Each structure stands twice: as C-alpha cells, then as structure tokens.
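First up is the structure itself, then whatever we jot down about it.
Protein chains: 2
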Amino acid sequence: MVDADTSSAAVPVFFLSDSTGISAETMGNALLIQFPGRRFERTLVPFISSVAEAREVVARLDAVLDTGGPTPLVFTTAADDDVRRELRRTRCPMIDFFDLHMEHVEAVLGARGAHAAARLHGVGDVKRYNSRMQAIEYAIEHDDGQSLRALEKADVVLLAPSRCGKTPTSMYLALQHGMFVANYPLVDEDFTSTHELPRPVAELGHLCFGLVTSPSRLSAVRNERRPGSRYASIEQCTFELRRARALYEANDLPVIDSSTKSVEEMSTIILQTLRKNRPIA
Amino acid sequence: MVDADTSSAAVPVFFLSDSTGISAETMGNALLIQFPGRRFERTLVPFISSVAEAREVVARLDAVLDTGGPTPLVFTTAADDDVRRELRRTRCPMIDFFDLHMEHVEAVLGARGAHAAARLHGVGDVKRYNSRMQAIEYAIEHDDGQSLRALEKADVVLLAPSRCGKTPTSMYLALQHGMFVANYPLVDEDFTSTHELPRPVAELGHLCFGLVTSPSRLSAVRNERRPGSRYASIEQCTFELRRARALYEANDLPVIDSSTKSVEEMSTIILQTLRKNRPIA
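Heads up: the protein sequence lines correspond to chains Z and B, in order. Here my numbering is used: the first sequence runs in plain steps of one and ends on residue 368. Here my numbering is used: the second sequence runs in plain steps of one and ends on residue 368.
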C-alpha cells in the first residue's frame with residue numbers, strides 16, 4: 088500500500104446511526120485523524136429508525152458514489168438488525184462498528200445482545216439527569232470564584248490565573264461526568280510570600296488542581312480580551328504563572344498545563360488522579 | 088447462543104488507549120448497552136504511551152483474568168503499532184477498534200495511516216480552542232436570559248419555561264460544537280394572548296427552538312428546588328407548558344420534548360434542523 092495523498096478532492100464521509108451518531112462520529116474520527124493529509128467532508132445521519140428510512144439513506148449514499156468523485160466512506164453503529172441489513176445494501180464501503188464486535192462481545196459474555204436501537208446517549212433515569220443538571224448549575228455558580236456558597240460540596244477545585252482554561256474544563260467535568268467543580272481565579276493578592284492557599288479554598292487542598300499555560304499563549308488569549316493591557320503583557324503573564332507554580336508546589340498540588348492539553352485530556356488526568364488518591368465508587 | 092444472564096457477578100471491563108480513551112469508552116459502551124441485564128465494572132486506562140507501560144497493563148489484565156471471576160472484556164483504540172502489539176499479548180479477550188477497521192479505511196483511501204497515537208481530543212489549534220472557550224463563556228453569560236448583550240451573535244436561542252433543560256443543552260452545544268447559544272426563560276408575562284415572542288428575541292425567531300417537558304416531570308424537578316411551592320405545582324406546570332406550546336406553534340418554532348430526550352439527542356436534533364434550514368459550512 089502506498090501513500091497516495093495526492094488527490095485534493097475531499098472524501099465524503101457519512102456517519103450513520105439509529106441513535107445520535109455520537110459513537111459513530113467518535114470512532115470514525117479516531118480513524119480519520121490517522122490521515123492528516125486528507126480532507127474529509129463529513130455528514131451525520133442520525134436517528135435512522137426504520138427500514139424505509141434506511142433505504143432512503145442508501146439511495147443517497149449510492150448517488151454520491153455515482154457522481155464519480157472520491158469513494159465515500161461510511162461509518163455506522165446501527166444496532167437494529169433490520170435497519171443494519173438495509174444499510175449494508177449500499178455499494179459504498181462501510182465500516183460497521185457493531186457487526187463484528189457484537190459477535191465477539193456476545194461470545195465472551197455467553198449471551199445474545201438486544202440488537203435494538205439502544206440509547207447510549209438516551210435520557211436515562213431522572214436521578215442521573217438531575218445530578219448532571221445540578222453539576223452544571225454548580226459549575227456556572229462557582230465559575231471564576233463568583234460564589235463561595237456550598238464550596239464544601241465540590242468534588243474538584245481548579246486554581247489558576249485568569250484565562251488558563253478553568254472554565255471549559257469545569258464545564259466538561261460537570262457535563263460529561265456530573266462532577267461538582269468550583270474554579271477559583273488566582274489574583275495578585277493570592278501570591279503572598281507565605282505560599283498559603285487562598286483562604287476560601289485553604290481547607291480544600293486535597294481537591295485542588297493547579298492549571299498553568301505558557302506565558303506566550305496566556306498573553307495571546309488575554310490580548311484578545313483586553314488588547315495592549317498590562318493584564319495581557321508578557322511580563323505580567325510570566326509573573327503570574329511563575330507565582331502560581333510556586334503556590335502549587337508549596338501545597339503539593341497536581342499541576343496541569345493547558346497549553347499542551349485539551350479540555351478532554353485535562354479532565355481525564357483530573358479524574359485519574361482523583362481515582363488514584365481515593366477510589367471512587 | 089443462549090441468553091445466560093444468570094450470573095450476578097459484574098464483568099470487569101477495561102478501556103485502553105494511548106490517548107484519553109474517550110473513543111474506546113464510547114464505542115465499548117455502545118456495545119455493552121445491548122446487555123441491559125449484565126453488570127459491568129468499568130476501568131479506564133488512558134495515556135498508555137510506551138511498550139513498557141503496555142506491558143504493565145497486560146500484567147494487570149491477566150491478573151484479573153487469573154482470579155477466576157468473570158472473564159474481563161478489553162476494549163482498545165491504541166493506534167501506535169508497538170503499543171498495540173504489546174497490549175494484544177493479554178490473555179483476555181480484546182476488542183481492538185483500530186486494527187481491522189484501519190486496514191479497511193486504508194484500502195478505501197489507498198493510503199497508509201499514521202499508526203501513531205493521534206490526539207482526536209488533543210489541544211488542536213489555538214483558534215478552535217478560543218472559539219470553544221468563547222462559546223462556553225457566551226452560554227454562561229446568556230444563561231437564563233441573564234444578559235441580552237450581543238444576542239445578535241447567537242447561533243441558537245432556546246426558549247422554555249424554567250427547568251425544561253435549557254441550560255445543560257446550551258452548555259453541551261457550546262462545549263461540543265462551539266455554538267453560541269442563548270437561552271431565554273418564559274415567564275408568566277411572556278404568555279400574552281397575542282402569542283408574540285418575548286421582545287428581546289422577537290427578531291430572532293429563525294434561531295429559536297422551544298423546549299417542553301411533561302407536567303409531571305417538570306413538577307418533580309421544580310419540587311426539588313422549591314418543595315411544595317406554587318411554582319412546582321402540577322397546575323402551574325401544566326399551565327406554563329400549555330402556554331409555551333401555544334407560543335411555539337404560533338411562531339412556527341421547532342419543539343423538542345426534554346422528557347423523552349437526552350441532552351445529546353436534543354443537541355443532535357437542533358444541529359440537524361439548523362443544517363436543513365440553511366447549510367452550515
């Protein structure tokens with residue numbers, strides 16, 4: 088097989104699902120990212136719930152194939168056997184994440200799966216829904232140290248100078264993991280020579296994580312908000328980050344660098360660290 | 088194959104990845120949800136970045152296998168060939184989402200993939216990161232109609248009586264799709280006989296979605312916040328939902344029922360509706 092990344096036409100990619108299509112997109116994109124030289128034109132077709140709908144999708148896929156452009160790639164996670172059988176009639180190459188793997192899992196478990204459109208991202212029980220909603224509201228209320236109410240309910244406290252990525256990480260942990268996250272901005276007054284944690288979080292050191300970034304990135308992000316300000320200057324950013332690091336170190340806080348990590352990566356690290364420190368049910 | 092859901096011991100499930108493991112978890116769970124009668128004990132092992140680390144993971148997996156409990160199931164998305172080769176030495180059954188599918192995709196594209204730990208959920212470019220961060224801040228600022236500033240920048244406006252799911256849906260769209268979402272609570276004063284949209288969003292009807300839920304669910308959720316209040320009474324909830332529906336109908340707004348749909352499902356429907364109405368680049 089040779090590397091033939093010469094064609095510049097975008098490859099049409101379809102993600103098919105009898106549910107939201109989030110699984111098909113996630114896995115499909117995990118494969119496509121291995122071809123950084125290629126361009127892809129992505130289309131999501133979720134909620135394919137009947138054979139008739141599947142037939143329409145097949146017609147649409149085959150029509151794209153017949154235009155004579157790059158061969159479309161189709162990723163599917165449809166679990167309903169009838170829908171899947173119909174989808175497989177397409178003449179486009181199809182990567183079916185369900186088919187082969189389901190058999191394998193069934194063999195290991197010694198049981199037959201439901202083979203029905205299941206709602207991984209379905210509404211679930213009211214209790215779980217409510218706890219997630221409460222987590223999001225908690226994150227909004229405690230964003231940027233706005234409120235100190237019920238700080239003792241926090242599962243995690245994120246400390247950092249302004250604009251180091253506290254807010255998106257808090258929201259991600261709340262939304263995806265139902266965690267109660269408070270985030271607390273470090274300001275000049277917090278950088279005392281004694282390196283004590285700011286008073287409101289002084290007792291919560293075991294829940295604290297310190298975020299940092301690079302001075303140049305911090306300066307760039309701050310300049311978008313307040314161009315040319317002292318706040319955005321490279322000197323001020325360097326100073327705050329250096330003092331923040333000293334504070335984290337003095338208090339033995341885990342440190343995460345948001346300049347080299349995504350929100351998802353930071354969240355994964357935080358969860359793994361908490362699990363190591365004390366097993367979570 | 089018979090349905091043998093009789094064993095009550097939880098099946099140990101491991102999600103392995105050289106990155107965050109989000110893809111392995113998503114796809115693995117999409118398969119496991121097909122076995123609603125089974126209990127699973129899930130462990131995420133992310134960031135496996137060397138052969139030595141992979142070797143430790145294999146030892147851990149095989150130790151679980153050797154306890155004689157239910158056979159563990161292992162899902163992996165490791166893309167690095169050396170890491171993957173080492174992981175496959177485990178004696179546990181392994182579902183490798185990368186291996187087979189990668190070959191298939193390579194054949195279709197006529198190109199060899201990188202086979203390197205790629206960061207689907209990596210930090211990406213600063214620009215994309217900033218736009219996502221701005222979307223989250225926009226959602227926080229415009230939560231519950233708190234601010235009317237820059238409402239014209241909204242990609243979507245969610246209308247609903249209090250506690251119908253506006254906030255989590257707004258956050259999800261901001262976080263996962265970088266969309267600017269404003270959400271606006273409908274209160275008694277908005278339910279006029281003329282069925283006009285509330286003044287602040289009157290010109291934004293083309294961006295508006297109306298959320299509803301069931302009276303019993305709304306009453307249950309509101310009772311958690313203000314037990315026994317008029318606000319939480321089934322009569323008040325029924326009234327508000329009926330008036331909200333009339334308002335949506337009079338203005339031809341798409342209506343989404345949050346009592347039967349998850350945040351992910353609602354977000355998918357919103358995105359699909361917007362795409363149908365006007366193609367998004």
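By construction, the Cβ of each residue, glycine as well, lies at the ideal position given by its N, Cα and C atoms. This structure is a prediction, so every number in the text was calculated from the model and none was measured.
Status (buried if at least 16 other CB within 10 Å, exposed otherwise) for B:LEU334: Counting from one through the second sequence, the residue named residue 334 of chain B turns up at place 247. With 16 or more Cβ atoms within 10 Å of its Cβ, B:LEU334 is classed as buried.
Beta-carbon gap between B:VAL145 and B:GLU173 smaller than 8 Å: Sequence index remark: in the second sequence, residue 145 of chain B carries index 58 (1-based). Sequence index remark: in the second sequence, residue 173 of chain B carries index 86 (1-based). A contact, by the Cβ cut-off of 8 Å.
If you measure beta-carbon to beta-carbon, which residues of the region 114-144 of chain Z are closer than 8 Å to chain B? MET114, ASN116, ALA117, LEU118, LEU119, ILE120, GLN121, PHE122, PRO123, GLY124, ARG125, LEU131, PRO133, PHE134
Are the beta-carbon atoms of B:ALA97 and B:ARG142 separated by less than 8 Å? Locating residue 97 of chain B in the second sequence gives position 10, where the first residue counts as 1. Locating residue 142 of chain B in the second sequence gives position 55, where the first residue counts as 1. Taking 8 Å as the Cβ cut-off, B:ALA97 and B:ARG142 do not qualify as a contacting pair.
Neighbour list for B:MET266 in chain Z, Cβ cutoff strictly below 9 Å: Translated into the one-based positions of the second sequence, residue 266 of chain B becomes position 179. Result: empty, since nearest Cβ-Cβ is about 14 Å, beyond 9 Å.
Beta-carbon proximity list for B:ALA337, same chain, < 7 Å, skipping 5 on both sides: For the purposes of this step, residue 337 of chain B is taken as the residue at position 250 of the second sequence. Only HIS282 meet the Cβ criterion.
Once the 5 residues before and after Z:CYS179 are set aside, which same chain residues still bring their CB inside 6 Å of it? As a first step, residue 179 of chain Z must be located in the first sequence, where it is residue number 92. Hits under 6 Å: LEU148, LEU152, PRO159, VAL161.
Determine whether the beta carbon atoms of Z:ALA204 and Z:ALA166 lie at a separation below 8 Å. Position 117 of the first sequence, counted from the first residue, corresponds to residue 204 of chain Z. Position 79 of the first sequence, counted from the first residue, corresponds to residue 166 of chain Z. Going by C-beta atoms, Z:ALA204 is nearer than 8 Å to Z:ALA166.
Can you pull the chain B neighbours of Z:TYR259, defined as C-beta to C-beta under 7 Å? Here residue 259 of chain Z refers to the residue found at position 172 when the first sequence is read from its first residue. The contacting residues are LEU262.
Rounding to the nearest angstrom, what Cα-Cα distance links Z:ASN217 and B:VAL308 in this structure? Stepping through the first sequence from its first residue, residue 217 of chain Z is reached at position 130. Stepping through the second sequence from its first residue, residue 308 of chain B is reached at position 221. Roughly 8 Å separates the two Cα atoms.
For Z:PRO255, which residues in chain B fall below 8 Å Cβ to Cβ? Here the question's residue 255 of chain Z lines up with position 168 in the first sequence. Neighbours of Z:PRO255 on chain B, chain order: ARG219, MET220, ILE223, LEU262.
Separation of Z:SER306 from Z:ALA223, as counted between CA atoms: Numbered from 1 along the first sequence, position 136 holds the residue referred to as residue 223 of chain Z. Numbered from 1 along the first sequence, position 219 holds the residue referred to as residue 306 of chain Z. It should be noted that the sequence gives Ile, not Ala, for residue 223 of chain Z. One C-alpha to the other measures close to 29 Å.
Please list the residues of the region 234-250 of chain Z that have a C-beta atom closer than 7 Å to any C-beta atom in chain B, keeping them in chain order. none
Residue range of the alpha helix (DSSP H) that includes B:VAL138: Mapped onto the second sequence, residue 138 of chain B falls at position 51. Start and end: 138-152.
Check whether B:ASP230 and B:SER249 have beta carbons under 8 Å apart: Along the second sequence, read from residue 1 onward, the residue named residue 230 of chain B stands at position 143. Along the second sequence, read from residue 1 onward, the residue named residue 249 of chain B stands at position 162. Cβ distance not < 8 Å, so B:ASP230 and B:SER249 don't count as in contact.
Where Z:GLN233 and Z:ALA226 are concerned, what is the direct C-alpha to C-alpha distance, given to the nearest angstrom? For the purposes of this step, residue 233 of chain Z is taken as residue 146 along the first sequence, with counting starting at 1. For the purposes of this step, residue 226 of chain Z is taken as residue 139 along the first sequence, with counting starting at 1. Roughly 10 Å between the two C-alpha positions.
Report the partner residues of Z:ARG129 according to the DSSP bridge assignment. On the first sequence, residue 129 of chain Z is found 42 positions in, with the first residue counted as 1. Beta-bridge pairing links Z:ARG129 to Z:VAL100.
Of the residues Z:PRO285, Z:VAL350, Z:ASP105, Z:GLU190, which one's Cα is nearest the Cα of Z:LEU262? By one-based count along the first sequence, residue 262 of chain Z stands at place 175. The candidate whose alpha carbon is nearest that of Z:LEU262 is Z:VAL350.
Can you list, in chain order, the residues of its chain with a C-beta nearer than 8 Å to that of Z:VAL192? Leave out the 5 residues immediately preceding and following it. As a first step, residue 192 of chain Z is located in the first sequence; it is residue number 105 there, counting from the start. Result list for Z:VAL192: GLY200, in chain order.
Taking the alpha-carbon positions, what's the B:PHE101 to B:GLU112 distance? Translated into the one-based positions of the second sequence, residue 101 of chain B becomes position 14. Translated into the one-based positions of the second sequence, residue 112 of chain B becomes position 25. Between B:PHE101 and B:GLU112, the C-alpha separation is close to 9 Å.
Could you compute how far the alpha carbon of B:PRO123 sits from the alpha carbon of B:MET189? As a first step, residue 123 of chain B is located in the second sequence; it is residue number 36 there, counting from the start. As a first step, residue 189 of chain B is located in the second sequence; it is residue number 102 there, counting from the start. One C-alpha to the other measures close to 30 Å.
What distance in whole Å lies between the Cβ atoms of Z:ALA331 and Z:LEU273, which are believed to be in contact at a cut-off of 8 Å? Counting from one through the first sequence, the residue named residue 273 of chain Z turns up at place 186. Counting from one through the first sequence, the residue named residue 331 of chain Z turns up at place 244. That pair is a contact at about 5 Å.
Which of the three DSSP states is assigned to Z:VAL274 in this structure? Position 187 of the first sequence, counted from the first residue, corresponds to residue 274 of chain Z. It is coil, neither helix nor strand.
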